[in-house]
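**Student:**
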């Protein structure tokens, strides 16, 4: 089932801002009760934990990863790169498509009788990795050329396939010690911000320089150099870490680029950059998942109405699907509290991987209507405001129950539950995802109709007299 990605991107972007702001201050929120008029006297009643919850895992197999702006807001474009072999969730591969442009049309390097010595693709490190951050396996990366047009005006999803010349990589295969990505990089004696750099082969370096000199406009250059694809050099290599890179921060070494080194006769080495630009360059994060032969696949094939365990990954991937079929049978009255509680559990078949392949810091719920389309929950509106995000919460917290410490998420949705009761909605249907800030990262194993840690909806409401 597809949920409109531009809506989800805006909701998640605003939620991420709200989470960051809420770390600095606490905002109280007064709820507007959705309820019919002419209420009589009321008395508070807590609904016992007998509300039916149907819990399943579904696959959200694609997200829009080509956005640069949403509602006139410029996004910080962050894409993942690398391989994770997860013993439970299977294999994840991520690569980055992007374009660069010379500083001006008919660009030539300054000076006469110059020689272009070398060129490197630069991807600035976004200071986030997911996986085994303590002792990651080295991974090898290279650069391929896109042989199909890319356009900044087109929408590209994580599963969009573009033609690439895989047989003839234009980059030199580079083995990367991923622990050192956070370190500054010395370039011509100067320390620069941390970044991944991959050398381009001489023939392609010269082709880029020639294309720049002979292109009278942007379209002409992009017709010759359609795009670059940075990816694992071997899609089957071992790997246990995804690293994330930013394409569009300000300044060199903070934005994606191709860096050229050149000199004029015996002069000092000079530098020029062809840069990614928000206004003119296309980009997207290509992500594949392979669950075949891994334990999670058995759960994904389940035909039961409700499963004991549910799973989540940052999109694209597994999402938690919750249905509450009998809320319409509750008496109409003010809902004072309605909390969806999701608790982490462990499975022996996970082989302890959750210790390194850590869960998301927060979960984000959306509603799913009878036609399968998503909508923003009442409790999350307006999505541009901090207060609703703080109220819904969804952050991971630890609690102690009967002497046992567990990790759980609590989602506050009283207005949405109120609406379902008042409107006699057949089924309240929620889809739970992780953040889209880091596509493909995070994973969660949680109780569904688990014997000890089942997902629950806890309601307290004021009963009409």
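In this note's numbering, the protein residues as written are 16 to 480.
Yeah, the Cβ is synthetic: ideal placement off N, Cα and C, and Gly gets one too.
1. Report buried or exposed for residue 427, applying the criterion of at least 16 other Cβ atoms within 10 angstroms of its Cβ.
2. Please classify residue 91: does DSSP put it in a helix, a strand, or coil?
3. In this structure, what does DSSP give as the bridge partners for residue 259?
4. For residue 302, tell me which candidate among 246, 241, 147 and 229 has the shortest Cα-Cα distance.
5. If you follow the beta strand (DSSP E) that residue 422 is part of, which residue opens it and which one closes it?
6. Using 8 Å as the cut-off, can you tell me whether the segment 99–109 makes contact with the segment 220–229, which would need three or more C-beta pairs spanning the two stretches below that distance?
7. Pull up the distance between the alpha-carbon of residue 316 and that of residue 231, whole angstroms please.
8. Tell me the residue span of the alpha helix (DSSP H) that contains residue 243.
9. Residues in the same chain with beta-carbon distance under 6 Å from residue 219, minus the five sequence neighbours each way, listed in chain order, please.
10. DSSP state of residue 220, grouped into three classes?
11. I need the DSSP call for residue 335, collapsed to helix, strand or coil.
12. Should residue 208 be counted as a contact of the ligand HEM given a C-beta to heavy atom distance under 7 Å?
13. Could you name the residues of the same chain whose beta carbon sits closer than 6 Å to that of residue 410, not counting the 5 residues immediately before and after it, in chain order?
14. The beta strand (DSSP E) with residue 291 in it runs from where to where?
15. Is the beta carbon of residue 291 less than 8 Å from the beta carbon of residue 133?
16. DSSP three-state call for residue 351: helix, strand or coil?
17. Out of curiosity, what's the CA-to-CA distance linking residue 80 and residue 171?
18. Under the three-state reduction of DSSP, which class applies to residue 456: helix, strand or coil?
19. Express the C-alpha separation of residue 393 and residue 84 in angstroms, rounding to a whole number.
20. For residue 166 and residue 297, what's the separation of their Cα atoms in angstroms?
21. Suppose the cutoff is 7 Å on Cβ atoms and the five residues either side in sequence are ignored; what does the same chain contact list for residue 386 look like?
22. Nearest by alpha-carbon distance to residue 333: which of 82, 96, 107 and 117 is it?
23. Are the CB atoms of residue 372 and residue 126 nearer to each other than 8 Å?
24. Check the C-beta distance from residue 455 over to residue 109 and give it rounded, since I have them as a contact under 8 Å.
25. Given residue 76, which residues of its chain have a CB within under 6 Å of its CB, disregarding the five upstream and five downstream residues?
26. Check whether the segment 135–153 touches the segment 359–375, counting contact only when three or more Cβ pairs, one atom from each stretch, lie closer than 8 Å.
27. Drop a sphere of 10 angstroms on the beta-carbon of residue 141, count the other beta-carbons inside from all chains shown, and report buried for 16 or more, exposed for fewer.
28. Could you please give the first and the last residue of the uninterrupted beta strand (DSSP E) stretch that includes residue 205?
29. Applying the criterion that 16 or more other CB atoms from any shown protein chain within 10 Å of the CB defines a buried residue, is residue 178 buried or exposed?
30. My output table needs one value for residue 465: the three-state DSSP class, helix, strand or coil.
31. Please list the terminal residues of the continuous alpha helix (DSSP H) segment that includes residue 282.
32. Starting from the C-beta of residue 310, find all residues in its chain whose C-beta is less than 7 Å away, skip the five residues before and the five after it, and write them out in chain order.
33. Quick one, are the C-beta atoms of residue 72 and residue 460 less than 8 Å apart?
34. Quick one: what's residue 389 bridged to in DSSP?
35. Would you please state the rounded distance, in angstroms, between the beta carbons of residue 463 and residue 361? I believe it to be under 8 Å.
36. Just to confirm my understanding: we take residue 41, look at its own chain, exclude 5 residues before and 5 after, and list those with CB closer than 6 Å. What are they?
**Tutor:** Reading from the atomic positions:
1. Mapped onto the chain shown, residue 427 falls at position 412. Under this definition residue 427 is a buried residue.
2. By one-based count along the chain shown, residue 91 stands at place 76. Of the three classes helix, strand and coil, the one that applies to residue 91 here is coil, per DSSP.
3. Position 244 of the chain shown holds residue 259. Answer by DSSP bridge pairing, in chain order: 95.
4. Here residue 302 refers to the residue found at position 287 of the chain shown. The residue with the shortest Cα to Cα distance from residue 302 is 246.
5. Within the chain shown, numbered from 1, the residue matching residue 422 stands at position 407. Following the DSSP letters along the chain, one finds residue 422 inside the beta strand (DSSP E) bounded by residues 419–427.
6. no
7. Locating residue 316 in the chain shown gives position 301, counting from the first residue. Locating residue 231 in the chain shown gives position 216, counting from the first residue. If I take the Cα positions, the gap works out to 55 Å.
8. On the chain shown, residue 243 is found 228 positions in, with the first residue counted as 1. It is not in any alpha helix (DSSP H) - residue 243 instead sits in the beta strand (DSSP E) that spans 243–247.
9. Taking the first residue of the chain shown as position 1, residue 219 is located at position 204. If we look at residue 219 and ignore the five residues flanking it on each side, its Cβ neighbours are 185.
10. Residue mapping note: residue 220 aligns to position 205 of the chain shown, counting from 1. Per DSSP, reduced to three states, the secondary structure at residue 220 is helical.
11. The sequence position of residue 335 within the chain shown is 320, counting from 1. In the structure shown, residue 335 sits in a strand (DSSP, three-state: E or B).
12. For the ligand HEM, the structure offers nothing, since it holds no ligand at all.
13. Reading the chain shown from its first residue, position 395 is the one you call residue 410. For residue 410, where only same-chain residues beyond five positions count, the Cβ hits under 6 Å are 377.
14. Taking the chain shown and counting its residues from 1, the one referred to as residue 291 is at position 276. Here residue 291 belongs to no beta strand (DSSP E), and DSSP marks it neither H nor E.
15. Locating residue 291 in the chain shown gives position 276, where the first residue counts as 1. Locating residue 133 in the chain shown gives position 118, where the first residue counts as 1. With respect to the 8 Å criterion, residue 291 and residue 133 are not classified as neighbours on the basis of their beta carbons.
16. Within the chain shown, the letter at position 336 stands for residue 351. Of the three classes helix, strand and coil, the one that applies to residue 351 here is strand, per DSSP.
17. As a working note, residue 80 is residue 65 in the chain shown. As a working note, residue 171 is residue 156 in the chain shown. For the pair residue 80 and residue 171, the Cα-to-Cα distance works out to about 6 Å.
18. For the purposes of this step, residue 456 is taken as residue 441 along the chain shown, with counting starting at 1. Correct three-state label for residue 456: coil.
19. Within the chain shown, numbered from 1, the residue matching residue 84 stands at position 69. Within the chain shown, numbered from 1, the residue matching residue 393 stands at position 378. Rounded to whole angstroms, residue 84 to residue 393 spans 25 Å at the Cα level.
20. For the purposes of this step, residue 166 is taken as the residue at position 151 of the chain shown. For the purposes of this step, residue 297 is taken as the residue at position 282 of the chain shown. So the two alpha carbons sit approximately 5 Å from each other.
21. Residue numbering aside, residue 386 sits at position 371 when the chain shown is read from its first letter. Correct list: empty, nothing qualifies.
22. Translated into the one-based positions of the chain shown, residue 333 becomes position 318. Of the listed residues, the one whose Cα sits closest to residue 333 is 107.
23. As a first step, residue 372 must be located in the chain shown, where it is residue number 357. As a first step, residue 126 must be located in the chain shown, where it is residue number 111. No; because the gap between Cβ atoms is not below 8 Å, this pair is not in contact.
24. Translated into positions along the chain shown, residue 455 becomes position 440. Translated into positions along the chain shown, residue 109 becomes position 94. Rounded to the nearest angstrom, the Cβ distance from residue 455 to residue 109 is 5 Å, consistent with a contact under 8 Å.
25. Stepping through the chain shown from its first residue, residue 76 is reached at position 61. Contacts found: 331.
26. yes
27. As a working note, residue 141 is residue 126 in the chain shown. Classification for residue 141: buried.
28. Numbered from 1 along the chain shown, position 190 holds the residue referred to as residue 205. Element bounds for residue 205: 205–207.
29. Looking up residue 178 in the chain shown gives position 163. Exposed, since its Cβ has fewer than 16 Cβ neighbours within 10 Å.
30. By one-based count along the chain shown, residue 465 stands at place 450. If DSSP states are grouped into helix, strand and coil, residue 465 belongs with coil.
31. For this step, residue 282 is matched to residue 267 along the chain shown. Run containing residue 282: none; DSSP gives neither H nor E here.
32. As a position in the chain shown, residue 310 is number 295, starting the count at 1. Non-local C-beta neighbours of residue 310 in its own chain, meaning closer than 7 Å and more than five positions away in sequence, comprise 103 and 364, ordered along the chain.
33. By one-based count along the chain shown, residue 72 stands at place 57. By one-based count along the chain shown, residue 460 stands at place 445. Contact flag unset, no.
34. As a position in the chain shown, residue 389 is number 374, starting the count at 1. The partner list for residue 389 (beta bridge, DSSP) reads 383.
35. The residue you call residue 463 lines up with position 448 of the chain shown. The residue you call residue 361 lines up with position 346 of the chain shown. Actually they are not in contact, since the Cβ atoms of residue 463 and residue 361 sit about 14 Å apart, beyond 8 Å.
36. On the chain shown, residue 41 is found 26 positions in, with the first residue counted as 1. Low local confidence applies: a pLDDT of 32 at residue 41 is under 50, so the model's placement there is unreliable, with the coordinate-based value given in what follows. Around residue 41: no qualifying Cβ.
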